[in-house]
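Taking it in order: structure first as structure tokens, then the write-up.
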Amino acid sequence: MSAPYILIVEDDREISRLIDTYLRKEGYRTDRAADGRDACMRLAARSYHLVILDLMIPEIDGWEVLRRIREKGAVPVIILSAKGEEADKVLGLGLGADDYLTKPFSMAELIARVKAQLRRYLYLNDSAAQGPSVLEHGDLTLDLNTSRPGWASGG
Numbered sequence: 001m002s003a004p005y006i007l008i009v010e011d012d013r014e015i016s017r018l019i020d021t022y023l024r025k026e027g028y029r030t031d032r033a034a035d036g037r038d039a040c041m042r043l044a045a046r047s048y049h050l051v052i053l054d055l056m057i058p059e060i061d062g063w064e065v066l067r068r069i070r071e072k073g074a075v076p077v078i079i080l081s082a083k084g085e086e087a088d089k090v091l092g093l094g095l096g097a098d099d100y101l102t103k104p105f106s107m108a109e110l111i112a113r114v115k116a117q118l119r120r121y122l123y124l125n126d127s128a129a130q131g132p133s134v135l136e137h138g139d140l141t142l143d144l145n146t147s148r149p150g151w152a153s154g155g
């Protein structure tokens with residue numbers, strides 16, 4: 001498998017560049033978006049293994065970007081934000097973020113969290129790919145590739 005692809009959504013160019021540099025040193029491929037509109041366009045154009053998402057970004061805010069990500073799939077999202085109140089963290093995790101890290105942050109901690117999320121995500125995707133694609137229970141079947149339930153033939 002090729003190196004995981006990570007989207008960094010951050011409007012502060014220096015922070016974005018720094019995260020990009022550290023992730024590339026770890027062997028990851030990266031893309032960067034400086035606003036929510038660009039992030040949504042990039043997410044529609046390709047698949048990513050993880051998204052690092054600032055909440056206070058121009059055009060479309062991070063909350064809306066997170067909502068759109070969750071409408072389409074289960075890619076891990078780490079929120080990286082100056083919004084450090086407990087209510088913000090609870091809201092972010094409740095809306096589907098997989099992790100929440102507040103600014104200022106430790107680059108070593110961010111990299112450790114990225115590795116942990118990718119380890120889990122890649123393991124689960126690999127396990128799902130190797131598992132059965134159709135589950136059956138009595139006359140009921142579920143095709144995991146299409147998520148369509150149905151009745152076994154003859155029922």
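Per the UniProt record's numbering, the very first residue in the sequence shown carries number 1; after that it's consecutive.
Note that beta-carbon positions come from the ideal geometry of N, C-alpha and C, so glycine has one too.
Starting from the C-beta of residue i, find all residues in its chain whose C-beta is less than 6 Å away, skip the five residues before and the five after it, and write them out in chain order.
i, result
"Glu136", "none"
"Ile52", "Ile8, Ile78 and Leu80"
"Ala82", "Lys103"
"Glu59", "Asp35, Gly36 and Arg37"
Quick check on residue i: buried or exposed, where buried means 16 or more other Cβ atoms within 10 Å of its Cβ?
i, result
"Tyr100", "buried"
"Arg113", "buried"
"Leu77", "It should be pointed out that residue 77 corresponds to Val in this sequence rather than to Leu. When all chains shown are included, Val77 counts as buried."
"Ser47", "exposed"
"Asp139", "exposed"
"Ala44", "exposed"
"residue 157", "Any answer about residue 157 is impossible in this case: the structure gives the chain only from 1 up to 155."
"Tyr123", "exposed"
"Gly84", "exposed"
"Val90", "exposed"
"Ala87", "exposed"
"Gly73", "exposed"
For residue i versus residue j, is the C-beta spacing smaller than 8 Å?
i, j, result
"Ile6", "Leu50", "yes"
"Gly96", "Ile79", "no"
"Ile19", "Glu10", "yes"
Under three-state DSSP, which class holds residue i?
i, result
"Val77", "strand"
"Asp48", "Inspection of the sequence shows that residue 48 is occupied by Tyr rather than by Asp. Of the three classes helix, strand and coil, the one that applies to Tyr48 here is coil, per DSSP."
"Leu93", "helix"
"Tyr100", "strand"
"Ile8", "strand"
"Leu53", "strand"
"Ala33", "strand"
"Glu26", "coil"
"Glu85", "coil"
"Glu59", "coil"
Please go through the same chain and pick out, in chain order, the residues whose beta-carbon is closer than 7 Å to the beta-carbon of residue i, but skip the five residues on each side of it.
i, result
"Thr30", "Ile6, Ile8, Asp20, Leu23 and Arg24"
"Val65", "Val9, Gly36, Ala39, Cys40 and Leu53"
Got a sec? Which residues, its chain only, sit under 8 Å from residue i by beta carbon, not counting five neighbours each side?
i, result
"Pro4", "Tyr28, Arg29, His49, Leu50, Leu118 and Leu122"
"Glu109", "Leu101"
"residue 163", "Outside the shown range of the chain (1 to 155) lies residue 163, about which nothing can therefore be said."
"Arg13", "Ala34"
Do the region 61-72 and the region 36-43 touch if we need at least three Cβ pairs shorter than 8 Å?
yes
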